[in-house]
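When we follow numbering that gives the first Met the number 0, the leftmost residue of the sequence shown carries the number 0, and every step to the right adds one.
Using N, Cα and C, we set each Cβ at its ideal position, and we do this for glycine too.
Following: one structure in structure tokens, then a few remarks.
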Amino acid sequence: MTKNIAILTSGGDAPGMNAAIRAIVIAGNHFQYKVFGFYHGYNGLINNELKPLKIKDVEGVIHRGGTLLKSARCKEMRNKTGITQAVNVLLKNKIDALIVIGGDGSFNGLLAIQAQWQGQVIGIPGTIDNDIDGTDFTIGFSTAVDTALSAIDKIRDTADAFERVFLVELMGRKSGQITFNVGISCAAEKVLSFENFNVQQEQETLAQIAEQIKTAKQEKHRSFLIVIAENLWPNGSEALAKKLTEITGIDCTLCTLGYIQRGGSPVAKDRILATKMGVSAVQAISESKSNIMIGEQNNTICFIPLSQAVQHNKTVNPFLVDAQDNILALSKQTDA
Ligand code: F6P
0 MTKNIAILTS GGDAPGMNAA IRAIVIAGNH FQYKVFGFYH GYNGLINNEL KPLKIKDVEG
60 VIHRGGTLLK SARCKEMRNK TGITQAVNVL LKNKIDALIV IGGDGSFNGL LAIQAQWQGQ
120 VIGIPGTIDN DIDGTDFTIG FSTAVDTALS AIDKIRDTAD AFERVFLVEL MGRKSGQITF
180 NVGISCAAEK VLSFENFNVQ QEQETLAQIA EQIKTAKQEK HRSFLIVIAE NLWPNGSEAL
240 AKKLTEITGI DCTLCTLGYI QRGGSPVAKD RILATKMGVS AVQAISESKS NIMIGEQNNT
300 ICFIPLSQAV QHNKTVNPFL VDAQDNILAL SKQTDA
């Protein structure tokens with residue numbers, strides 16, 4: 000039986016979204032389905048911005064960051080009118096299955112649609128934050144980590160040359176996945192993230208870092224990199240940089256990496272993950288599955304109920320956190 004499949008990308012774009020769209024289009028054709036794209040995320044669904052997607056439309060996109068379908072955040076999907084309008088557009092276009100590539104906000108939209116619509120709904124986790132439950136990795140995370148790392152390696156060069164102190168703020172919204180993985184990879188002198196910072200201990204943490212900075216600069220003549228998660232420090236990372244400068248009398252400069260982390264050509268790991276998830280989403284549609292997110296655990300594709308994917312139970316690998324805080328941290332480093 001032929002089916003009409005529609006795809007949309009929503010929320011923060013992530014490198015590898017195009018690779019997923021490509022895989023869906025090719026797999027859809029394999030099953031003789033008609034594939035369409037809604038442009039501009041849920042806004043495009045509500046406003047019926049629908050176009051057919053042919054194999055020629057996805058040629059030469061696998062290596063491109065961003066999303067050829069464009070993306071957006073959509074306030075209308077938070078109210079009943081917007082959801083009803085979205086469902087009406089799906090009915091009007093005789094769509095049988097909707098695939099949404101995005102993060103938790105996008106999946107909540109999909110859950111709201113599913114409550115009012117008989118068609119199949121499938122989520123594919125695409126966000127640099129890697130904060131979706133039920134999948135080891137989300138599409139875009141590995142690229143974001145590599146992008147941040149290559150930027151920080153450059154910051155390290157100039158930091159070393161001047162024996163300077165830099166704070167580098169990383170994205171992740173409320174998740175420390177990027178911060179911890181990048182912090183370990185760049186051998187940061189301090190990793191400050193949700194997993195190891197308690198706001199009750201703000202003053203203690205401040206005093207400890209200030210002490211470490213002084214020792215690094217005055218005794219060891221070395222650079223000092225603090226990798227810090229966005230939305231972590233009370234009043235922001237700039238406030239922390241100022242406070243440290245004040246206490247130590249040493250310039251502590253904030254460098255916010257920001258949107259550079261969302262762009263760029265996806266690394267192989269993200270292209271492969273996106274391709275597997277895209278193909279698997281279409282296979283799931285052919286098997287009449289619905290209301291699921293395509294995940295990957297231990298290198299094996301799995302299907303997770305959408306409602307479970309948005310629970311926010313995912314934690315940074317405890318081994319990583321423990322190793323960083325108790326063995327690798329500057330304060331723990333000693334020659335035997
Ligand atoms: O979810 C991806 C992400 O880049 C987060 O890391 C960040 O907090 C947020 O999006 C920024 O969102 P916006 O693009 O709406 O400013």
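Coil, strand or helix - residue i by DSSP
{"i": "Thr1", "result": "coil"}
{"i": "Thr314", "result": "coil"}
{"i": "Thr126", "result": "coil"}
{"i": "Leu49", "result": "strand"}
{"i": "Gln119", "result": "strand"}
{"i": "Arg332", "result": "The residue asked about is misnamed: residue 332 is Gln in this sequence, not Arg. Residue state, collapsed to three classes: coil."}
{"i": "Phe30", "result": "coil"}
{"i": "Val309", "result": "coil"}
{"i": "Val24", "result": "helix"}
{"i": "Glu194", "result": "coil"}
{"i": "Leu90", "result": "helix"}
{"i": "Met170", "result": "coil"}
{"i": "Lys74", "result": "helix"}
{"i": "Ala114", "result": "coil"}
{"i": "Phe179", "result": "helix"}
{"i": "Leu224", "result": "strand"}
{"i": "Ile212", "result": "helix"}
{"i": "Thr274", "result": "helix"}
{"i": "Gly11", "result": "coil"}
{"i": "Phe136", "result": "coil"}
{"i": "Lys79", "result": "helix"}
{"i": "Gly257", "result": "helix"}
{"i": "Lys153", "result": "helix"}
{"i": "Gly65", "result": "coil"}
{"i": "Gly104", "result": "helix"}
{"i": "Ile246", "result": "helix"}
{"i": "Leu97", "result": "strand"}
Among the options, nearest to residue i - alpha-carbon criterion
{"i": "Gly104", "options": "Trp116, Ile127 and Cys73", "result": "Cys73"}
{"i": "Leu253", "options": "Glu188, Ile227 and Lys93", "result": "Ile227"}
{"i": "Lys340", "options": "Ile20, Asn3 and Asn92", "result": "This structure cannot speak to residue 340, because the chain is shown only from 0 to 335."}
{"i": "Glu229", "options": "Ile212, Arg261 and Glu168", "result": "Glu168"}
{"i": "Asn325", "options": "Leu166, Thr142 and Lys189", "result": "Lys189"}
{"i": "Phe196", "options": "Pro233, Asp145, Leu44 and Asn316", "result": "Pro233"}
{"i": "Leu109", "options": "Ala335, Asn312, Pro304 and Ser222", "result": "Pro304"}
{"i": "Ile300", "options": "Val278, Ile45, Ile54 and Gly171", "result": "Val278"}
{"i": "Gly171", "options": "Gln332, Asp12, Met0 and Lys331", "result": "Asp12"}
{"i": "Ile112", "options": "Lys93, Leu224, Gln84 and Gly101", "result": "Gln84"}
{"i": "Ile23", "options": "Asn129, Ser141, Ile4 and Ile82", "result": "Ile4"}
{"i": "Ala18", "options": "Asp56, Glu218 and His62", "result": "His62"}
{"i": "Gly125", "options": "Ala308, Ala335, Leu239 and Asn290", "result": "Ala308"}
{"i": "Gln207", "options": "Glu58, Cys185, Ser330 and Thr1", "result": "Ser330"}
{"i": "Ile25", "options": "Arg270, Lys173 and Lys53", "result": "Lys53"}
{"i": "Arg163", "options": "Ala215, Asp334 and Val57", "result": "Ala215"}
{"i": "Ser174", "options": "Ile151, Asn298 and Ser192", "result": "Ser192"}
{"i": "Arg155", "options": "Tyr32, Gly43, Lys288 and Ser222", "result": "Ser222"}
{"i": "Ser289", "options": "Phe302, Asn298 and Thr137", "result": "Phe302"}
{"i": "Leu49", "options": "Asp334, Leu68, Asp95 and Arg270", "result": "Leu68"}
{"i": "Cys251", "options": "Glu218, His220, Ala209 and Leu231", "result": "Ala209"}
{"i": "Met0", "options": "Leu327, Ala158 and Asn28", "result": "Asn28"}
{"i": "Asp159", "options": "Thr146, His220 and Thr255", "result": "His220"}
{"i": "Lys93", "options": "Leu231, Gln332 and Tyr32", "result": "Tyr32"}
Status (buried if at least 16 other CB within 10 Å, exposed otherwise) for residue i
{"i": "Met16", "result": "buried"}
{"i": "Ser70", "result": "buried"}
{"i": "Asn180", "result": "buried"}
{"i": "Phe318", "result": "exposed"}
{"i": "Gly248", "result": "exposed"}
{"i": "Gln211", "result": "buried"}
{"i": "Asn316", "result": "exposed"}
{"i": "Phe358", "result": "The structure shown does not extend to residue 358, since the chain is modelled only from 0 through 335, so no value can be given for it."}
{"i": "Asn129", "result": "buried"}
{"i": "Glu194", "result": "buried"}
{"i": "Thr137", "result": "buried"}
{"i": "Asp269", "result": "buried"}
{"i": "Leu321", "result": "The question names Leu, yet the displayed sequence has Asp at residue 321. Classification of Asp321: exposed, given that the 10 Å Cβ count is below 16."}
Distance between beta carbons of residue j and residue i, contact taken as under 8 Å
{"i": "Ile183", "j": "Ile127", "result": "The Cβ separation is near 17 Å, so there is no contact."}
{"i": "Leu97", "j": "Val120", "result": "5 Å"}
{"i": "Phe35", "j": "Pro51", "result": "5 Å"}
{"i": "Leu272", "j": "Glu245", "result": "Actually they are not in contact, since the Cβ atoms of Leu272 and Glu245 sit about 44 Å apart, beyond 8 Å."}
{"i": "Gly118", "j": "Val99", "result": "That pair is no contact at about 12 Å."}
{"i": "Ala187", "j": "Ile225", "result": "7 Å"}
{"i": "Ser9", "j": "Gly101", "result": "4 Å"}
{"i": "Phe106", "j": "Met292", "result": "7 Å"}
{"i": "Ala114", "j": "Leu166", "result": "Contact doesn't hold; Cβ gap of about 44 Å is too wide."}
{"i": "Gly64", "j": "Pro14", "result": "4 Å"}
> Between the segment 133-146 and the segment 33-43, do three or more beta carbon pairs fall short of 8 Å?
Replying inline: no
>> I want to know whether the segment 279-297 touches the segment 77-92 - three or more CB-CB distances under 8 Å.
In response: no
> Can at least three beta-carbon pairs, one atom from the segment 192-204 and one from the segment 262-269, be found at a separation below 8 Å?
Replying inline: no
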